[in-house]
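The numbers in my numbering rise by one with no breaks, and the one at position 208 of the sequence shown is 208.
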Amino acid sequence: MPPKKAKGSSSEEKAVLDYLVKVNRPYSANDISSQLHGLVSPAQAKKLLNDLADEKKLERKINGKQQIFYAIQTSIEVPSVEEAEQEEETIRGLEQQLSQAKDENKVLAGRLQGLTNALTDDQMRERIAKLSAEVKENDGRLTQLRSGEVISPEEKNNIETEHAAMTKHWKARKRMFKNIIDTIGEGYPGKISDLFEELGIETDEDVGADVAIIGDK
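(1) Do you know how far the Cα of L49 is from the Cα of I32?
(2) What's the call for Y188, buried or exposed, on a 16-neighbour Cβ count within 10 Å?
(3) When the Cα atoms are used, what is the spatial distance from V23 to A43?
(4) Helix, strand or coil for K61, going by three-state DSSP, please let me know.
(5) Residues in the same chain with beta-carbon distance under 8 Å from S41, minus the five sequence neighbours each way, listed in chain order, please.
(6) Taking only three categories from DSSP, how would you classify A118?
(7) Taking the beta strand (DSSP E) that Y19 falls in, what are its first and last residues?
(8) Can you look up I159 in the DSSP assignment and give me helix, strand or coil?
(9) Can you check DSSP and say which residues form a bridge with A172?
(10) Start and end of the beta strand (DSSP E) containing I68?
(11) Going along the chain, which residues of its own chain have a beta-carbon closer than 8 Å to the beta-carbon of S10, five neighbours each way excluded?
(12) Is it the case that the Cβ atoms of V16 and A71 are separated by a distance below 8 Å?
(13) Tell me the DSSP bridge mates of Y27?
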């Protein structure tokens, strides 16, 4: 009769037993070999699992040719009522944090959508420059006409209407630019003026343009 193997003499056996107790779920020999990343081969895992089952350290269930092994439930440490309540409190706290994170994500997603739909910095600078040039040209024409040059009422009305439309467009773009800058400014760590300088942005004030004065002419 072959000598009985000494209990606890195999580190591989201990690794297999400890793993099944830790995960507390059924596994086959092939599963164990895979989960332990090749520490034991499938054949070794099968022998170790059967040895542990024979020693009443594991439960063994046979279904046809397949053998499934799992930890004896009486060996699983059951948390106390206090520990269970503490775990539930932790879970509730994490769920609250998750809910808050989702709400913050919605707010940030909305801001991002607004910035995505707005003009880029380059497009905005180009548009402002074009509108400023058009307003300056129209303002010059209007000043010249108001100085006394005779034009027809129809032509004068057309010019003033065009000037008013351009000024209105300028004001709308100015408000849009201000809204975008205000949104960026909420999260920008420094001064907005420093950001303008870094990006090469020139405001109306920088070039001496005042839409209120021009619009009142």
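Cβ coordinates follow ideal geometry from the N, Cα and C atoms, glycine included.
Let me spell this out:
(1) 9 Å
(2) exposed
(3) 21 Å
(4) strand
(5) S33
(6) coil
(7) Taken as a continuous stretch (DSSP letters only), Y19 belongs to no beta strand (DSSP E), being part of the alpha helix (DSSP H) at S11 to V23.
(8) helix
(9) The partner list for A172 (beta bridge, DSSP) is empty, contrary to what the question assumes.
(10) Q66 to A71
(11) L48
(12) no
(13) F69
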